[in-house]
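There are 2 protein chains.
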Amino acid sequence: MEKKQVEAITARDVDFAQWFTDVVKKAGLIDYSSVKGMFILRPYGYAIWENMQAVLDAEFKKLGHENVYMPMLIPESLLQKEKDHVEGFAPECAWVTYGGSEKLEERLCIRPTSETLFCEHYANIIHSYRDLPKLYNQWCSVLRWEKTSRPFLRHREFLWQEGHTMHATAEEAMEETVRMLNCYADFCENVLAMPVVRGVKTEKEKFKGAEKTYTVECMMHDKKALQAGTSHYFGDGFARAFGITFTDKNNQQAYPHQTSWGVSTRLIGGIIMTHGDDNGLILPPRIAPTQVMVIPVAQHKSGVLEAAGALRSRLANAGFRVKMDESEQSFGWKAAEYEMRGVPLRLEIGPKDMEKGQCCIARRDTGEKTFVLLDQVEETVRRLLDEVHQNMYDQAKKNLEDNTCEAQTLEEVKTIVNSRGGFVKTKWCGQLECELKMKEDAGVSSRCMPLSQSGTKGVCPVCGKLCTTDIYWGVAY
Amino acid sequence: MEKKQVEAITARDVDFAQWFTDVVKKAGLIDYSSVKGMFILRPYGYAIWENMQAVLDAEFKKLGHENVYMPMLIPESLLQKEKDHVEGFAPECAWVTYGGSEKLEERLCIRPTSETLFCEHYANIIHSYRDLPKLYNQWCSVLRWEKTSRPFLRHREFLWQEGHTMHATAEEAMEETVRMLNCYADFCENVLAMPVVRGVKTEKEKFKGAEKTYTVECMMHDKKALQAGTSHYFGDGFARAFGITFTDKNNQQAYPHQTSWGVSTRLIGGIIMTHGDDNGLILPPRIAPTQVMVIPVAQHKSGVLEAAGALRSRLANAGFRVKMDESEQSFGWKAAEYEMRGVPLRLEIGPKDMEKGQCCIARRDTGEKTFVLLDQVEETVRRLLDEVHQNMYDQAKKNLEDNTCEAQTLEEVKTIVNSRGGFVKTKWCGQLECELKMKEDAGVSSRCMPLSQSGTKGVCPVCGKLCTTDIYWGVAY
Ligand SMILES: [Zn+2]
Ligand SMILES: [Zn+2]
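So the protein sequences, as listed, match chains G and L. Quick note on the numbering used here: the first sequence kicks off at 8 and runs consecutively. Quick note on the numbering used here: the second sequence kicks off at 8 and runs consecutively.
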């Protein structure tokens, strides 16, 4: 039998990494395949991704984007057209060298990202300012042959979406870059209950080939940073490399300006590590595959299953994602199982509740139980799901704020990193040397320069130079 | 400028293959990439696939299936576990031999289909009869390194879905196989307006590794056959090869029984060749990305754009997929453009219509125009879309019936094939030799043995043996 007994998982404070692995495995999100670093997304894990996709895809389309599908293979010569880009990605490409029994004349890499494919296509279809903007997006998997791997956080193959847009002017492209960054930030906060820091990456940390990389950075329960999504501004660098030109309104030849942006199944890792507790997953209600699990109490008693089934139907009709477990397992087993799986609300109904015309709803986030009159079930569930979301967000926000410290000197940074961890906010002079020194001495990388800058003056903790830029440092996944 | 003038396309009767290529290119469904046989699905083409996915996915889920995602790479040793299967697919696998700069110890093929991956996973998760059935489906792309390629009909990489299910008994697995075949048949007929012949493949034509392959066969406008979807029954062959066992209700070890089933973007090729005419695409209303195109007439005149915009909004609010073209292009250009793109209904409104409180709706399938009172627009559009669907289905059904001939002798078969083409229905003795001879002499392959068998007796047209099996022959894509 597929293992169904609810086994204990490692406590977060004992071994956070092991806790994470326990949760993804025992909640049935992931299984291992025979190829290292390539994971199987099981129904429960994939359903979370589907729910994320549905929300994001609708958002993208509302903003005018269209979906396309590009080939998964890139000829080596095409990948090499943009110098920085190939340097960044070639070392981790998987290469196809044979088609059937025939050796290929040119080897092909499985896409690690598709800028080059989109640019080749754009060169064919962009000719006039009337063809702009082009707002394309693609849902697909990409492959990066990394040395180490962890479920959701670092897969050799992972599912994502990649937006690739072309615009007539630099201003428009920059607006798009920021628009999509904000789209991701809103999604993280309003749908995943994950508060973010919106910011810009340093030159060192930006995407290979981009002029500017925007990022949303989240703090996990263990106070490490997770880069949840990025949005890149390319200027006309790729357009020049790929010979993409258009006739502008003044009948002049011009290069279009480009963006790309993406989020991946890594977000699932993010919600696990932001919200989960020692009893397992806690899923944000707006993407939980099951929002309400109905569990009949003393289900052998007359009328219980019917009453529970009626509630399930009513909630389904009201548009909630609801399931009922009427299996032979004990009530205790079921309660623990759906706690492990992070179902936001558990609805119980038994003979005593029926007498009183009520049911009991237990929240996964707080454990709190509420008795609800049967005719108020729909409105209560709606309200509770919103409250669960808000509480999860507030908890995560508190974690982020409580664990973000300001520092003026390198010594202070080191003390914070070694004692309590979390994000350290400092000033930065903008020099690569200081950024490298911070990594070397304090073990932190720059996370981002937040979009909301204080504007105050201060000193770079490394070189002591007077400067204004605020920057976040942290240890990242 | 992206080419927008409406160019003439080759007539179907002059060169059907060229007509097809013209249509997919000029309607903006497909573009070529730099890798032979790998195509770009442009927004209009991909949107058709998305609409197909939405309907099918909901149908699959209603039947209890769950989506998963398996890795795209299969180790050679895993592919080789089932003998017939590897023989069928190894010759057309694309092989990954390098990860970064490192030569792999074992080469990996990009999945041509995923039976082996699902079986490896099922071996991990199926232990008891309580774990069955497993009803998994996957949406992904697969790769087959074929020599020739044609848009939609034969891609080296194509998008599809592959269902893979495991059942406690042979009966249940066989029921699932037929259920999914009927699911595809209903989808083709009720959604794509493509009438089908439901049947079973011969031993020669069945899927490599399957015990039995069910198929839905459609007839294109040029009277050739298109295999639109297949559903396979595997028995316990793979289960034995992969060591998948479970404890049954009597506490005995047993092998589960398996199915797989799939449809792909090939269906888009099917609807183009079933419904299109010399003016371009004709899209079935239920999957058309745009069901109604609103075109303002004399749009510079006061109030026209507002009136047209109001109609567009009303139709969008009523749940139709509707767009408006208010570009500078002439009315004639727009009419021809959306005819080429196969939009089922064109709604025109100009100053004269406004005076009369009406608009004009033109059908793509018949060209028929109807004047509609403005307050009846929603109900008329709803009715017309259904009528367009029904008429498209009826036309295709007539084409299928008019071009299906019965024959008793090989000579008759040859005469039919050489004179008028289409499907030939005969009796068949069941021998491979007769099937091969039919191919050799008449140039036709067996399409299927229809599920609805007449039960009458007759002679095999090749060997003359008395037999009862009805079978369809044809030239296939
Ligand atoms: Zn400095
Ligand atoms: Zn015969």
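Glycine included, every Cβ here is placed at the ideal spot set by N, Cα and C.
Check                                                                                                                              : Outcome
Within chain L, the residues that Asp38 of chain G reaches when beta carbons sit closer than 8 angstroms                           : His128, Asn131 and Ile132
Cβ neighbours of Leu139 of chain L in the same chain (closer than 7 angstroms, five flanking residues each side left out)          : Ile133, Met173, His174, Ala175, Phe253 and Pro263
Residue range of the alpha helix (DSSP H) that includes Asn425 of chain L                                                          : Leu417 to Ser426
Best match in L:Glu122, L:Gln402 and L:Glu112 for proximity to His239 of chain L [C-alpha to C-alpha]                              : L:Glu122
Residues in the region 145-172 of chain G having any Cβ partner in chain L nearer than 7 angstroms                                 : Ser148, Trp152, Glu164 and Leu166
Arg163 of chain L versus Trp268 of chain L - alpha carbon distance                                                                 : 19 angstroms
Under the three-state DSSP convention, the category Glu9 of chain G falls into                                                     : Confidence is the limiting factor: at Glu9 of chain G the pLDDT is only 40, short of 50, which leaves the residue's position unreliable, though a coordinate-based value still follows. It is coil, neither helix nor strand.
Which listed residue (L:Leu80, L:Phe214, L:Phe67 and L:Thr416) has its alpha carbon closest to that of Lys90 of chain L            : L:Phe214
Distance, Cys126 of chain L Cα to Lys11 of chain G Cα                                                                              : Caution is warranted here: a pLDDT of 43 is assigned to Lys11 of chain G, below 50, making its placement in the model unreliable, and no coordinate value can be reported.
Neighbourhood of Lys330 of chain L by C-beta, 6 angstroms cutoff - its chain only, sequence neighbours within 5 removed            : Thr297 and Met300
Cβ-based neighbour list, Glu9 of chain G, same chain, cut-off 7 angstroms, excluding 5 preceding and 5 following                   : Caution applies to Glu9 of chain G, whose pLDDT of 40 falls short of 50 and renders its modelled position unreliable; the value that the coordinates give is listed next. Same-chain partners within the cutoff: there are none.
First through last residue of the beta strand (DSSP E) which encompasses Ser271 of chain L                                         : His264 to Ser271
The region 308-327 of chain L / the region 52-64 of chain L touching (three or more Cβ pairs under 8 angstroms)                    : no
Proximal residues, the region 86-109 of chain G versus chain L, C-beta separation under 9 angstroms                                : Ala97, Pro98, Glu99, Cys100, Ala101, Trp102, Val103, Thr104, Tyr105, Gly106, Gly107, Ser108 and Glu109
Val451 of chain G classed as buried or exposed, judged by whether at least 16 other C-beta atoms fall within 10 angstroms          : buried
His228 of chain G vs Met399 of chain G beta-carbon contact at 8 angstroms                                                          : no
Trp102 of chain L - partner residues in DSSP beta bridges                                                                          : G:Tyr105 and L:Cys116
Separation of Lys219 of chain L from Met201 of chain G, as counted between CA atoms                                                : 50 angstroms
Whether Arg370 of chain L touches Leu391 of chain L by CB criterion (8 angstroms)                                                  : yes
Identity of the residues DSSP links to Asp477 of chain L by a beta bridge                                                          : L:Lys434
Rounded separation between Lys33 of chain L and Asp193 of chain L - CA only                                                        : 30 angstroms
Neighbourhood of Lys208 of chain G by C-beta, 7 angstroms cutoff - its chain only, sequence neighbours within 5 removed            : Thr220, Thr222 and Cys455
Counterpart residues of Trp146 of chain L in DSSP-defined beta bridges                                                             : L:Gln168
Any C-beta of chain G under 8 angstroms from that of Asn324 of chain L                                                             : no
Sequence-distant residues of the same chain with beta carbon closer than 8 angstroms to Leu80 of chain L, five excluded per side   : Val103, Leu115, Cys116, Ile117 and Arg118
Same chain only: Cβ atoms within 7 angstroms of Phe338 of chain G, ignoring 5 sequence neighbours per side                         : Ile302 and Val304
Own chain partners of Glu182 of chain G with C-beta closer than 7 angstroms, once the 5 adjacent residues on each side are dropped : none
Own chain partners of Ala248 of chain L with C-beta closer than 7 angstroms, once the 5 adjacent residues on each side are dropped : Lys88 and Glu89
N- and C-terminal bounds of the alpha helix (DSSP H) containing Met347 of chain G                                                  : Phe338 to Met347
Cβ-Cβ separation, Gly287 of chain L to Ile37 of chain L (assumed contact under 8 angstroms), whole Å                               : Not a contact, Cβ separation roughly 14 angstroms.
Spatially closest choice to Ala24 of chain L from L:Arg205, L:Met280 and L:Gly465, by CA coordinates                               : L:Met280
Residues passing the C-beta test against ligand 1 heavy atoms, cut-off 6 angstroms                                                 : G:Cys436, G:Gln438, G:Cys441, G:Cys467, G:Val469, G:Cys470 and G:Lys472
Where His307 of chain G falls, given that 16 or more other Cβ within 10 Å makes a residue buried                                   : exposed
Close beta carbons around Asp491 of chain G, own chain, < 6 angstroms, minus the five adjacent residues each side                  : The structure shown does not extend to residue 491 of chain G, since chain G is modelled only from 8 to 484, so the question has no answer here.
For Thr463 of chain L and Thr416 of chain L, the rounded distance between their alpha carbons                                      : 16 angstroms
Residues of the region 340-356 of chain L with Cβ closer than 8 angstroms to any Cβ of chain G, in chain order                     : none
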